[in-house]
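Shown next, in structure tokens, is the structure this report addresses.
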Amino acid sequence: MEQNADPLMQGSPQLLNKWGFWALLFGAAALILVFAQMALPMFEAKPSAGSQIGEIAGDIKRSAWRTFLGLPKPEPEVVNPPVWAYFAMVAPVLGIIAVFLSVISAILRENRRFAIYATSFGVAAIMFQMFWWLALLIAGIALLVSIIENIGDIFSF
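Letter by letter, the sequence shown follows residues 63 to 219 in the numbering used here.
Given below as structure tokens:
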């Protein structure tokens with residue numbers, strides 16, 4: 063009887079010995095962490111956008127007056143970041159590991175599908191991460207520019 067060459071049809075202990083399988087797991091985990099990092103901050107309780115913008119504008123004005131009057135800067139308060147903030151560091155690392163393991167899998171001529179899927183997941187996780195932070199950076203710059211342009215109207219006497 064002929065033995066099937068597909069690792070998915072064989073026993074799971076053999077599947078666990080494949081580099082491509084582990085690469086696929088790392089790539090999938092990286093992609094899940096990137097999407098979790100994007101979604102989890104939405105579930106935190108936050109003040110309204112108007113009060114946040116007002117606080118930012120107030121901080122800018124207080125900082126400008128402190129600098130103008132030569133007063134010392136206040137000590138920054140230490141805030142522990144939420145758990146999802148660590149996903150921003152872990153997800154790209156897992157994506158890079160997935161790509162590296164898929165290269166090893168391809169070199170050892172394991173199942174080609176695992177290497178292709180793992181590389182796709184790893185690269186997708188890295189690219190989503192980069193585009194997400196780029197979008198946040200552009201939105202933050204646009205917000206700060208609009209606040210600075212209108213700071214005179216906000217605090218007019």
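Where a beta carbon is used, it is the ideal one built from N, C-alpha and C, also for glycine.
Please say whether residue j and residue i have beta carbons closer to each other than 8 angstroms?
| i | j | result |
| --- | --- | --- |
| residue 213 | residue 115 | no |
| residue 90 | residue 183 | yes |
| residue 93 | residue 176 | no |
| residue 95 | residue 186 | no |
| residue 161 | residue 129 | no |
Does DSSP classify residue i as helix, strand or coil?
| i | result |
| --- | --- |
| residue 141 | coil |
| residue 136 | coil |
| residue 63 | Bear in mind that a pLDDT of 45 at residue 63, under 50, signals an unreliable position, so the number given afterwards is only what the model happens to contain. In this structure, residue 63 counts as coil in the three-state DSSP scheme. |
| residue 171 | coil |
| residue 109 | coil |
| residue 80 | coil |
Would you mind sorting residue i into buried or exposed? The rule is 16 or more other CB atoms within 10 Å of its CB.
| i | result |
| --- | --- |
| residue 173 | buried |
| residue 191 | buried |
| residue 164 | buried |
| residue 168 | buried |
| residue 149 | buried |
| residue 135 | exposed |
| residue 80 | buried |
What whole-angstrom Cβ distance do residue i and residue j have, given they're in contact under 8 angstroms?
| i | j | result |
| --- | --- | --- |
| residue 88 | residue 166 | Residue 88 to residue 166, Cβ: 12 angstroms. No contact. |
| residue 146 | residue 98 | 6 angstroms |
| residue 100 | residue 194 | 6 angstroms |
Do you know how far the Cα of residue j is from the Cα of residue i?
| i | j | result |
| --- | --- | --- |
| residue 204 | residue 82 | 43 angstroms |
| residue 188 | residue 157 | 6 angstroms |
| residue 143 | residue 102 | 13 angstroms |
| residue 202 | residue 170 | 46 angstroms |
| residue 63 | residue 155 | Below a pLDDT of 50, predicted positions are generally treated as unreliable, and residue 63, at 45, falls in that range; no measurement from the model is reported. |
| residue 109 | residue 138 | 21 angstroms |
For chain D, is any of its Cβ atoms less than 8 angstroms away from the one on residue i?
| i | result |
| --- | --- |
| residue 187 | Protein chains in the displayed structure number just one, and chain D is not present. |
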